[in-house]
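Residue numbers (the UniProt record's numbering): 1 to 266.
Next comes the structure, spelled out in structure tokens:
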């Protein structure tokens with residue numbers, strides 16, 4: 001089964017699998033603005049999306065890791081949501097968005113998406129929420145809940161795609177790596193930090209991403225969430241250097257993504 005990824009920018013990714021078109025964490029604002037994330041943290045958006053929202057074509061569902069931070073859902077991304085039949089996200093985000101198509105899942109809950117093609121044939125896709133913790137221990141009440149997503153075509157033995165969402169590497173991610181059989185693993189990296197919070201990180205760095213790929217053993221891997229925002233402390237070039245230095249059996253699983261260009265990764 002072919003999995004095609006188009007990196008729009010930051011965490012925003014168009015995922016195409018078995019005829020389905022899924023969009024992760026929509027961010028379409030223009031660059032140059034500063035956004036507050038609460039508790040004195042803030043960041044600037046530094047690059048424009050490589051694909052405009054109105055150029056994406058049909059999108060069957062949005063997979064939204066969390067709703068409270070503009071680097072995962074900015075104003076233009078929020079305005080885009082009502083145009084999509086389904087938004088799969090956290091329970092808190094589903095309540096806050098109050099959209100008819102919003103579905104809130106806790107870790108390991110599954111929802112089934114249904115679409116009807118032009119010939120009137122129904123197609124189904126399972127989306128399972130995976131564990132995510134967007135910061136050090138004890139920060140969830142401040143940072144808010146987040147989630148990843150594992151996507152599977154019913155009847156297939158493996159998940160076609162696992163997107164980690166914004167998360168540090170912790171026991172929940174390691175558990176998911178053990179539980180899931182995955183074709184394509186998409187990592188949210190960037191090593192997010194803020195001056196006011198000192199050494200605390202709120203997403204994985206590339207070394208942790210390499211470790212997670214080694215634990216998961218997907219057929220292919222890719223990373224996003226490394227460019228476009230000032231609070232990403234590890235950019236795509238540095239992440240690529242870390243991947244290049246990884247053991248060959250892990251390094252060779254990574255597929256580079258070029259902004260705006262569809263890539264068949266598996």
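Think of the CB as a built atom: it goes at the ideal place given N, C-alpha and C, for glycine as much as any other residue.
In this text, all values refer to a predicted model and were calculated from it rather than measured experimentally.
Per the DSSP secondary-structure output, residue 181 pairs with nothing in a beta bridge. Uninterrupted alpha helix (DSSP H) stretches at least 4 residues long and entirely within the region 133–178 occur at 140–143, given in chain order. Exclusion of the five residues before and after residue 57 leaves 21 as the residues of its chain whose Cβ lies within less than 8 Å of its Cβ.
Membership of residue 6 in any alpha helix (DSSP H) is not indicated; the residue belongs instead to the beta strand (DSSP E) covering 3–9. Annotation note: the region 78–136 contains the following uninterrupted alpha helix (DSSP H) runs of length 4 or greater, listed N- to C-terminal: 91–97. In this structure, the CA atom of residue 157 is about 12 Å from the CA atom of residue 151. Under DSSP, residue 72 takes part in no beta bridge, so it has no partner. Taking 8 Å as the cut-off, the beta carbon of residue 204 is found closer than this to the beta carbon of residue 167. Looking at the DSSP output, residue 61 shares a beta bridge with 22 and 86.
The region 246–258 and the region 204–223 touch, with three or more beta-carbon pairs separated by less than 8 Å. Between residue 188 and residue 11, the C-beta gap is smaller than 8 Å, which places the two residues in contact.
For residue 36, the enclosing beta strand (DSSP E) starts and ends at 34–38. Of the other Cβ atoms in all chains shown, fewer than 16 fall within 10 Å of the Cβ of residue 83; this residue is therefore exposed.
Taking the C-beta atoms as reference points, residue 266 is found no nearer than 8 Å to residue 239. Close CB contacts of residue 138 within its chain, under the 6 Å cut and outside five residues either way in sequence, are absent.
In the structure shown, residue 236 adopts helical secondary structure according to DSSP, grouped into three states.
Residue 71 and residue 143 have their C-alpha atoms roughly 13 Å apart. The region 169–182 makes no contact with the region 1–16: fewer than 3 CB pairs, one atom from each, lie closer than 8 Å.
Judged by DSSP in its simplified three-state form, residue 212 adopts helix. The C-alpha of residue 242 lies about 20 Å from the C-alpha of residue 200. The Cβ-Cβ distance between residue 219 and residue 184 falls below 8 Å. Taking a 10 Å sphere around the C-beta of residue 121, we find fewer than 16 other C-beta atoms and assign the residue as exposed.
Collapsing the DSSP output to three states places residue 252 in coil.
As computed with DSSP, residue 223 is found in a beta bridge with 187. Here DSSP, grouped into helix, strand and coil, assigns residue 29 to coil. Under the three-state reduction of DSSP, residue 12 is assigned to strand.
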